[in-house]
Amino acid sequence: MPGGRRLKLGLILGVLAASGLALLSWTQVWIVAGVATSGSAQEHLEVTGTTASPALTALALAGLALGAALTIAGPIIRVVLGLLEVLLGASVFLGAFLALRDPAGASAAAVTDATGISGKESIVVALVDPTVSAWPFVALASGVFMALVGVGIVVTARRWPGPTTRYQSVRLEPARPTGADDTAEAPPRDAVDDWDELSRGDDPTTGRSR
846 MPGGRRLKLG LILGVLAASG LALLSWTQVW IVAGVATSGS AQEHLEVTGT TASPALTALA
906 LAGLALGAAL TIAGPIIRVV LGLLEVLLGA SVFLGAFLAL RDPAGASAAA VTDATGISGK
966 ESIVVALVDP TVSAWPFVAL ASGVFMALVG VGIVVTARRW PGPTTRYQSV RLEPARPTGA
1026 DDTAEAPPRD AVDDWDELSR GDDPTTGRSR
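Just so you know, the sequence shown maps onto residues 846 to 1055 in the numbering used here.
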């Protein structure tokens, strides 16, 4: 099934690419803002995805592991993994969406570490002109991509080729006595040999003595 193999390869690569993109976005700067520390003084603050959406790394790594598992999974397990991929994509999307909807809340841990200010209201007041970069949107897109690939896996799981097993034929031969010459062959028998055995009281057809 050449088409099935291409489909399998494409979807697995899609899982890995979407998860890798989510992991890459997690390491980048999501929010840039000034933080008022005292009076008119401000401190420049860059908030990366590690702070804005801490769970994103675990979700992306889970997606990478899922892609590896798909290479050896059977039809039923593929469906289960496809559904799990949809769930991972939805979780990535939600994490990025929450950070975009509330930049102050996503920056809270970074602001507290930098200035000691705590409390959501105090942090909102301290933040000056927070700017959101493109990376949270990349994370959103990767979450959508993961979910779509998961749907594709569920729909096409039974069209994927299964694992192939090659069998090697084995021919059994009777064991030879130790020290026997493999090249030696028994001499051909003829009627004279049979009559000689009969005269000695042996049955040439069975090899038994009378």
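Glycine included, C-beta positions come from ideal geometry on N, C-alpha and C.
Item, Value
"Exposed unless 16 or more other CB atoms sit within 10 angstroms - verdict on Pro899", "exposed"
"Val860 classed as buried or exposed, judged by whether at least 16 other C-beta atoms fall within 10 angstroms", "buried"
"Burial state of Gly855, where buried means 16 or more other Cβ atoms lie within 10 Å", "exposed"
"CA-to-CA distance, Thr893 to Met991, given in whole angstroms", "22 angstroms"
"Distance, Arg1003 Cα to Thr902 Cα", "31 angstroms"
"Segment contact, 8 angstroms Cβ cut-off, at least three pairs: the stretch 945-958 with the stretch 900-920", "no"
"Same chain, Cβ closer than 7 angstroms to Val983, neighbours up to 5 away in sequence not counted", "Leu866, Ser870"
"Beta-carbon proximity check, Leu945 vs Pro981, cutoff 8 angstroms", "yes"
"Whether Ala935 touches Gly988 by CB criterion (8 angstroms)", "yes"
"DSSP three-state assignment for Ala878, whether helix, strand or coil", "strand"
"Burial state of Arg923 (16 or more Cβ within 10 Å)", "buried"
"Among Gly927, Phe938, Thr976, Leu929, nearest to Gly879 - alpha-carbon criterion", "Thr976"
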